[in-house]
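Asks:
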Amino acid sequence: MRKPKCWVSGLVLGLVVAGVANQVHATMYTIGNGGLESGWNLNIDGTSENGALVGGIKLTPGNPLLAITSVCLDVKGTVYLGTAYNFVTVAFNGQDGLNPNWGYGNSGGGALVNPATASLAIQNAARVFDLHKAVLASGTTQDRAALQLAVWEALYDTGNPLGYSFIDTTGTGGRFEASRSAGNAARVTALSWLNGLYDSSGNLKPFQPYTGSLLQPLLANGQPNSGAQEMMGTLTAPVPEPTTIIAGALLLLPFGASTIRFLRRNVANADRSSRS
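Structure, rendered in structure tokens:
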């Protein structure tokens, strides 16, 4: 019997904790629906998923009054709706955990990656999240979908000479595509937020660095996949030692009856079997 799940690839802005489990206090959160808009058709680097859920993810600790809603990043593993996972809260540091595959033109990785584009991608994703994270508390489902789309687009297409677009992943456009037959209002909002990071001359506006946090799953959760999805956080946390941070990679939120499933390229056989 197929279980409701979030099939996570190997993000978001993602850093994975390595060797932190014995150093940082973990909190158990149960994964839930925090305002997800259905019907999105997504494509990243030529791999597509139709009918995806996009928006907020609710994380509820033992005390429900302390529940938070965030947007996803990506860690290898599978998370299940209604299942509890251990997360640690760590301070965001855009210079650590740099994933070279972030940014326009960097999908292939390797020696041809442009580090400046990759770095700017995670910085812009953090900026747009910081500027508009209030919608996770008071916004509509459409607003929350816009925030998730904006974070993904920043991570994949920052550095595109044609700018942000959410279109044409196979032609001259960007790496990440998103459309919805029931209406693209969330995408329009996301584009306005992303373009708002730049002035009329195309220069990045002055900004205060994001000083929030990331919720990073412990690698030994004791769950079916021993992993979970990384989330953006808004809590303060001590800055981790650079040696405890390794890079992650970005995710998608594909749709399933009552599921959030994460999509990645080059899925391992073990991941594929988890969906059977």
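Using this note's numbering, the letters of the sequence shown correspond one by one to residues 3 to 278. C-beta atoms are modelled at their ideal positions from N, C-alpha and C, and glycine is treated no differently.
Would you mind listing the alpha helix (DSSP H) stretches within the region 121-205 that are 4+ residues and don't spill past its ends, in chain order?
Replies: Counting whole runs of 4 or more residues, the region 121-205 contains the alpha helix (DSSP H) stretches 137-140, 143-159, 187-197.
Asks: Check whether the region 59-69 touches the region 111-123, counting contact only when three or more Cβ pairs, one atom from each stretch, lie closer than 8 Å.
Replies: Judged by Cβ distances under 8 Å, the region 59-69 makes no contact with the region 111-123, as fewer than three pairs qualify.
Asks: Rounded to a whole number of angstroms, what is the C-alpha to C-alpha distance between residue 2 and residue 212?
Replies: With the chain running from 3 to 278 in the structure shown, residue 2 is simply not present.
Asks: Classify residue 66 as helix, strand or coil using the three-state DSSP reduction.
Replies: Residue 66 falls in the helix class under three-state DSSP.
Asks: Less than 8 Å between the beta carbons of residue 137 and residue 146, yes or no?
Replies: Against a cut-off of 8 Å, the Cβ pair of residue 146 and residue 137 comes out as a contact.
Asks: Our contact map puts residue 56 next to residue 234 with C-beta atoms below 8 Å; I'd like the distance itself, whole angstroms only.
Replies: 15 Å between Cβ atoms; not a contact.
Asks: Rounded to the nearest angstrom, how far is the Cβ of residue 144 from that of residue 39, given a contact under 8 Å?
Replies: At roughly 6 Å, the Cβ-Cβ gap stays under 8 Å, so residue 144 and residue 39 are in contact.
Asks: Below 8 Å, how does it come out for the region 185-196 and the region 103-111: are there three or more Cβ pairs, yes or no?
Replies: These segments do not touch.
Asks: Pull up the DSSP beta-bridge partners for residue 42, would you.
Replies: DSSP lists 54, 182 as partners of residue 42.
Asks: Run through DSSP, which three-state label would residue 1 get?
Replies: It is not possible to answer for residue 1, since the shown part of the chain is limited to 3 through 278.
Asks: CA-CA distance, residue 133 and residue 85?
Replies: Each residue's Cα considered, the two are about 30 Å apart.
Asks: State the Cα-Cα distance for the pair residue 50 and residue 165, rounded to the nearest angstrom.
Replies: Their Cα atoms are separated by approximately 21 Å.
Asks: Please identify the residue among 178, 53, 141 whose C-alpha is closest to the C-alpha of residue 71.
Replies: Among 178, 53, 141, the Cα nearest to that of residue 71 belongs to 141.
Asks: How many Å lie between residue 201 and residue 208 at the Cα?
Replies: Straight-line Cα distance between these residues: approximately 10 Å.
Asks: Let me confirm a value: residue 162 is counted as buried when at least 16 other C-beta atoms fall within 10 Å, else exposed. Which label applies?
Replies: Under this definition residue 162 is a buried residue.
Asks: Rounded to a whole number of angstroms, what is the C-alpha to C-alpha distance between residue 205 and residue 127?
Replies: Each residue's Cα considered, the two are about 16 Å apart.
Asks: Distance, Cα to Cα, residue 68 vs residue 37?
Replies: Their Cα atoms are separated by approximately 17 Å.
Asks: Measure the beta-carbon distance from residue 215 to residue 94 and round it to whole angstroms, keeping in mind my assumption that it falls under 8 Å.
Replies: Right, the Cβ-Cβ distance comes to about 6 Å (below 8 Å), so this counts as a contact.
Asks: Would you mind sorting residue 105 into buried or exposed? The rule is 16 or more other CB atoms within 10 Å of its CB.
Replies: Per the 10 Å Cβ criterion, buried.
Asks: For the beta strand (DSSP E) that contains residue 86, what are its first and last residues?
Replies: Taken as a continuous stretch (DSSP letters only), the beta strand (DSSP E) holding residue 86 covers 86-93.
Asks: For residue 116 versus residue 30, is the C-beta spacing smaller than 8 Å?
Replies: No. Outside cutoff.
Asks: In the DSSP assignment, find the unbroken beta strand (DSSP E) run with residue 235 in it and report its ends.
Replies: Taken as a continuous stretch (DSSP letters only), the beta strand (DSSP E) holding residue 235 covers 233-235.
Asks: Should residue 167 be labelled buried (16 or more other beta-carbon atoms within 10 Å of its own) or exposed?
Replies: Per the 10 Å Cβ criterion, buried.
Asks: Spatial neighbours of residue 150 within its chain, please: C-beta separation below 6 Å, excluding the five flanking residues on both sides.
Replies: Result list for residue 150: 56, 57, 73, in chain order.
Asks: Pull up the CB-CB distance for residue 158 and residue 185, whole angstroms please, since I reckon it's below 8 Å.
Replies: Incorrect: roughly 22 Å between the Cβ atoms, too far for contact.
Asks: Closer than 6 Å by C-beta to residue 182: which residues in its own chain qualify, once you throw out the five before and the five after it? Chain order, please.
Replies: Once the five neighbours on either side are set aside, the close Cβ partners of residue 182 are 41, 42.
Asks: Measure the beta-carbon distance from residue 196 to residue 156 and round it to whole angstroms, keeping in mind my assumption that it falls under 8 Å.
Replies: That pair is a contact at about 6 Å.
Asks: Quick one: grab the DSSP three-state call for residue 49.
Replies: Correct three-state label for residue 49: strand.
Asks: To the nearest whole angstrom, what separates the beta carbons of residue 148 and residue 188, a pair I think is in contact under 8 Å?
Replies: Between residue 188 and residue 148 the Cβ distance is about 4 Å, and since that is below 8 Å, they are a contact.
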